[in-house]
Amino acid sequence: MISIILLPGLLMGCRRTTGLASSLSHTNTSTDACVLTTTIKDMLKRELIDYGDPATLQAGGGSIIELVLGVPDIDIPNLASSQDNADAWVQNNVIRYTNVSFRYIAVGNEEKLADPFASAFFSAFQNLHNSISAAGLRNRTKDPPFQYPNFFVAMSDAFYSALERGGGGSLEIVVSESGWPSAGGGPETNIDNARIYSTNLVQLMKNGTTKRPGKPIETYIFATFDENQKQPESEKFRGLFLPSKQPKYPIQLN
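All residue numbers for the sequence shown refer to the working numbering, where the first residue is 157 and numbers rise by one.
Dropping the structure here:
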């Protein structure tokens, strides 16, 4: 186990590479040791999982993969309600897995102000921060007129600018999810476009942004597998891998 950084919503960190984001919104693919340590061991060293699934965490034990553990949105009110609940969550999902390398804990996913748990977000984050610190796992928790090649780079620099204005200019952002569906949303959602998007994203993040050129951004491509329980239809086809665990298209992540 390595020291952990607690992250709100958009991940913030200081490492530079590309990984994959995984979810449990599917029923046609197992998330076992074969997936984590055999299928993709030559492709990535980090994976974001947006759940505390015991089988997945156990599968990651002893492997070279560093896990970014997501706190499910439905857990946020419970974690916000008491420090004891947060302590128990950290014990059950982090401390007990002594041979798993955790990189970050990300609190929440795709939050909106209108979400029922939004008001509990800060308290949950604060309680988890206290739990991680008590367990000895804590590591750290005005714009020039740039010309931007695309909206993604501009949006990344907007976050950098906001951090600078808030006194966090030394922080770097981590993109927790980005990807393109290979089907389900019209003619533009196809495997070739998904391959182009993912390939260009990796190269783009290696080169940094207009505001911080030469400083790569750690990025997680969404998703590892298709998720056949999601809606709308295009959300079912964002995986880099088929249910057979074969890649949809060739891509070099690092």
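Cβ atoms here follow ideal geometry from the backbone N, Cα and C, with glycine treated the same way.
Following the DSSP letters along the chain, one finds PHE308 inside the alpha helix (DSSP H) bounded by residues 307 to 321. When rounded, the separation of the alpha-carbon atoms in ASN248 and ALA236 is 17 Å. In this structure, the straight-line span from the alpha carbon of PRO210 to that of ASN241 is close to 18 Å. A distance below 8 Å separates the beta carbons of ILE347 and SER338.
The residue among SER400, ASP229, ARG259 with its C-alpha nearest the C-alpha of PRO272 is ASP229. THR375 sits close to LEU357, with the two beta carbons spaced by under 8 Å.
Considered as a whole, the segment 213 to 258 harbours 232 to 237, 239 to 246 as its complete alpha helix (DSSP H) runs of no fewer than 4 residues, in chain order.
With 16 or more neighbouring CB atoms inside 10 Å of its own CB, GLY264 falls in the buried class.
In this structure, GLY340 sits near LYS392, with a CB-CB distance shorter than 8 Å. Residue state for PRO369 is assigned as strand, using DSSP reduced to three classes. Considered as a whole, the segment 341 to 387 harbours 347 to 363 as its complete alpha helix (DSSP H) runs of no fewer than 4 residues, in chain order.
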